[in-house]
Structures are given as structure tokens and as C-alpha cells.
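Student: Below you'll find the structure I mean.
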Amino acid sequence: MTIAASIRAKLESGLAPGHLEVINESGNHNVPPGSESHFKVVVVSDAFEGKPTLHRHRMVYGLLAEELAGPVHALALHTYSPGQWSAAGAAPDSPACRGGMKTQAGASAKVSGQAARADEASEA
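Just so we're aligned, residue 1 is where the sequence shown starts under the numbering used here, counting upward by one.
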């Protein structure tokens, strides 16, 4: 079973959603092709009625504890009661990937380069 299928099955079983989208967004990130590490989940459930967002997210995290402890690196949650979903009509688009490790590595290299130049200047 794929990670996406496992997420879907657990949310269907635990929340009986009226609407559920499990979108593998790994391809939008700096990961190997075919990865299942970044997901967007849109779930509409009566179980969310009257509950704050934090509580809804904790409900989902509880159902997906195994996936979050292992292969899932990022999980964008959009949790709605049926009334909220009717009003919203759709979940927001995910932001573009900012590069993850590539950006961090580039920033580290830039800082290291600046430090090396500063050391050279102080020795002169």
C-alpha cells in the first residue's frame, strides 16, 4: 500500500469525511522522483464541528502517527466542518517550494565564504 493510500484509509476510517483529498506534493520539492514525503490533505468531517483548528489537527496527527514518525516529512492540513467547506468551496493552493536543503546549503556556503574572506582581511 502506498503512503497516500494509507493516509486515505486511516482518515476515512477515523473521521468518516464527506470530502477527502490526499495530494502527494513531493514532486514539487527537492526529493527523489517517486517519493511520498510531502502531502496536502483536505478533509471535511462532521467530527470537526465546533472544534478549533488545533484540536482538528491533533485528531489527524493521532490517526497518522505512524506515517508522521516515518516517511512523511511534511503534511499541509486543511480541516473543515461541512458548513465551513460549503462557504470556502476549496482549500488554498500550496506555496511554491523554497528549495529546502538546496537553499540551506547555499546559505551555509555563502556564510562560510564570507567568514573566510573576513579572516583573510583580518590577516592582511
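Backbone N, C-alpha and C define an ideal beta-carbon position, used for all residues, glycine too. Note that the structure is predicted; figures quoted are calculated from it, not measured.
1) When we look at the beta-carbon of residue 1 and count the other beta-carbons within 10 Å, is it buried (16 or more) or exposed?
2) By a C-beta neighbour count over all protein chains shown, 10 Å radius and 16 as the cutoff for buried, is residue 61 buried or exposed?
3) Residue 65 lies in the alpha helix (DSSP H); which residues open and close that run?
4) Could you spell out where the alpha helix (DSSP H) holding residue 9 opens and where it closes?
5) Count the other CB atoms, across all protein chains shown, that sit within 10 Å of the CB of residue 91; report buried if there are 16 or more and exposed otherwise.
6) Under the three-state reduction of DSSP, which class applies to residue 76: helix, strand or coil?
7) Do the CB positions of residue 39 and residue 75 come within less than 8 Å of each other?
Tutor: Considering the structure as presented:
1) exposed
2) exposed
3) 65–69
4) Where residue 9 is concerned, the enclosing alpha helix (DSSP H) starts and stops at 3–15.
5) buried
6) strand
7) yes
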